[in-house]
Structures are given as C-alpha cells and as structure tokens.
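**Q** In this note's numbering, the protein residues as written are 994 to 1381.
Glycine included, each C-beta is placed from N, C-alpha and C at the ideal position.
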C-alpha cells in the first residue's frame, strides 16, 4: 500500500491517479472518519460494508458472472486495507482508498478536511471528491500578529504548520527631553517626550510590518500560497494588509486577534474563514464567466479541451455527463458525431475524461457545487475559460 500525502495532492498527482486503470476495476472508497459524531467509527464501518455489499449485488445482477467473481475476490483481497479506513486510532477525518482489484495494489489518502462516504467501482479511480477537496483546501499563508510579535503559518486542507516566527523589536529609549517643569497634564500631551515616544513607536511598527511582509514574500514561492490570511486585531490587520500591496488580490482579512487562540481553536477559526473566502471567490469566478471568452456546455467544452484551448475548467460535480471517445482520444458529448467517420466508444463517465484532459493540458479545475442550478444553469453546469 502506498500513501498520498496531503502536501502532495497536486494537479500532477491527481492526473496520475485518474489515469490508473485495472482490468477488473478500481474500487474508490471515501470515508468521513469524524469520531466526534461517530465514536469508534462503528457507524462508518457499517455504512461502508453496506455500500460494498450493494455494489457486489449490482455486479452480480449486471454480469457477466466471471466479472462478479473477480470483483468479489478483489474486495476480499483488500478487506484489511478497507477496514483500516474506519480505524479510530488513525489520524485524519477525510480518508480515501483506491484499490486495483486484479492485483490488490492500493493507494491511501487522509487529511483533516471532510470527505463524505462514497463507494465507486469503475475502470479507473474516481477522483472527483479529491478534486473538490484540493480546490477548497489550496495552500494559504497565515500571518498572526500581536504586540508579542508575529507567526507565519502554512495552511492546507484544514491543517496548520508554523514556518516562521518574528519576535518583537526591543528598542532602547534614547534620552528624551521632558516638557517644561510645572507644565500641566494637558500641556504635556504635546510635549517633546511624548512626541519622541510616538515617533519611535511609528518607526518600530513600520520596521515590524516591513519584516513581516519580507517573510511572507520569501516563503510564498516555496509553499505555493494562493491566498494570505492576515489577522492582527483592530490595530494591526489593515496595516499588515497594506504592507503587502503586491498581494492585494490574495489577501484575506480577519480582524480578530487569532494569535490568542489555542491550536485546535486556531485551526478551526482559520479554516472557517478561508472556506468562507473560497465560497466568495467561487461566486466571483462564476460571475466573471458571463463576460469572459468561454466555452459553454459540455459540447463546446469537450471541443475546446480536444484543441487544448482551456485554461480553467469549471463544472458542477453533481452533474454526470455521458458521451463518446474516438480512436484518437477526442471527446464528444452524447449524441454528437465526429466530423469524419471514426470508431467511437461509449463513455458513461465523460466527466472524468473531461477533468483528466483538463489536468493533462495544464488547465485549472474548479468543481463548484450547485453551479448547475445557479450561475451555470444555461450552460448545463459546465464552462471553460479559454486561452484563445
């Protein structure tokens, strides 16, 4: 058994996983291992066993008999790995397992992000839940600032890891000239001593913000942060955001003083804020597709993918498209014929092939739940932004 680490859930890794096929079939299993809701994960184990039993019944009913026997043998072979998915002693709330039933080769995955229960048997791995998870859990930088200094953390897939810490600058106060002897409290408000202290504090804050900005920019390429959440309370949040003008479109503001939270509370608060921002950016993306150069509907999208013109594929993962593939690998929507007479193969899982083609040509992929009933209704739930 091999494992796919959360930090390696890249487009290339997803593409490789999507291309894994097996003559008997690839069994894809997803589990929500939230022991808080299901102590001991007994309910999850029962649910997965029931889904596997139903899958075997369908395989027997649809035949042929030799395939049903091969599926049964394959499931029996990987039962120990399947049972580990609901082991409460293991870490990770969202767990997945991909099993090649002909030889028992498996690939596992787990992260702190939720993955709903699914059991799918197909010629290749069913990766759509991982695509949704990878899209929502894209890496982000997190800057937590307070009077005690700043911490820089890496967030991805609901997990936080500290990458840098900046201690507050300690400045030895120079000799300060006091105000006139006998001056009143009111007159001392603008005294040279007070003005010197205020000027020194402004200079200290400016250097602190510059140091934080430099740390963010130095870690950005290494960690691939697409967003940067800044949190410093009412006093520091906006100055922190202003100190990163080159990242203006990536900044996520959180005016709470998150630096004071315990680790578990901090991870939950950061994840909640970043998920909220992700939903807002999805809505903005859907709005921009109306004016952008785009292929709309599965027919136009398939044609654009065949030509390698897609830069960003956006689709509703709840919509299942069917179609055909010709001998050269070109994709077609159901009911369409290629321009010349070619051998066609039915493809009941055209959605998977569209995603695979997008990943293989370097296009970004964004599953957006509910899009088919909303902004992408007229396009049947799928659009593609184009390179040309």
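For residue 1083, is the classification buried or exposed, using 16 other Cβ atoms within 10 angstroms of its Cβ as the cut-off for buried?
**A** Burial call: exposed.
**Q** Mark residue 1376 as exposed unless 16 or more other C-beta atoms lie within 10 angstroms of its C-beta, in which case mark it buried.
**A** By the 10 Å Cβ count, residue 1376 comes out buried.
**Q** Do you know how far the Cα of residue 1129 is from the Cα of residue 1268?
**A** Cα to Cα, residue 1268 sits roughly 7 Å from residue 1129.
**Q** For residue 1053 and residue 1341, I'd like the C-alpha separation in whole angstroms.
**A** Their backbone Cα atoms lie some 20 Å apart in a straight line.
**Q** Are the CB atoms of residue 1309 and residue 1378 within a distance shorter than 8 Å?
**A** Against a cut-off of 8 Å, the Cβ pair of residue 1309 and residue 1378 comes out as no contact.
**Q** In angstroms with no decimal places, state the Cα-to-Cα distance between residue 1250 and residue 1122.
**A** Near 33 Å, if we compare the C-alpha coordinates of residue 1122 and residue 1250.
**Q** For residue 1410, list the residues DSSP reports as bridge partners.
**A** The structure shown does not extend to residue 1410, since the chain is modelled only from 994 to 1381, so the question has no answer here.
**Q** From which residue to which residue does the alpha helix (DSSP H) around residue 1036 run?
**A** Where residue 1036 is concerned, the enclosing alpha helix (DSSP H) stretches over 1035-1055.
**Q** Smallest Cα separation from residue 1090: which of 1063, 1064, 1107 and 1119?
**A** The shortest Cα separation from residue 1090 among 1063, 1064, 1107 and 1119 belongs to 1119.
**Q** Have a look at residue 1131 and residue 1240 and give me their C-alpha separation to the nearest angstrom.
**A** Answer to the nearest angstrom: the Cα atoms are 16 Å apart.
**Q** Which residue from 1298, 1201, 1094 and 1228 puts its Cα closest to that of residue 1160?
**A** For residue 1160, the nearest C-alpha among the options comes from 1201.
**Q** Around the C-beta of residue 1030, are 16 or more other C-beta atoms found within 10 angstroms, so that it is buried, or is it exposed?
**A** Per the 10 Å Cβ criterion, exposed.
**Q** Within 10 Å of its beta-carbon, does residue 1075 have 16 or more other beta-carbons around it, so buried, or fewer, so exposed?
**A** Classification for residue 1075: buried.
**Q** Based on DSSP bridge pairs, tell me the residues matched to residue 1276.
**A** Partner(s): none; residue 1276 has no beta bridge.
**Q** What's the call for residue 1136, buried or exposed, on a 16-neighbour Cβ count within 10 Å?
**A** Residue 1136 is buried by the Cβ-count criterion.
**Q** Please tell me whether residue 1351 and residue 1303 are closer than 8 Å, where the distance is taken between their beta carbons.
**A** Cβ atoms of residue 1351 and residue 1303: closer than 8 Å.
**Q** Mapping the DSSP letters down to three states, classify residue 1089 as helix, strand or coil.
**A** Strand, per DSSP.
**Q** Would residue 1148 be called buried (16 or more neighbouring beta carbons within 10 Å of its own) or exposed?
**A** With 16 or more other Cβ atoms within 10 Å, it is buried.
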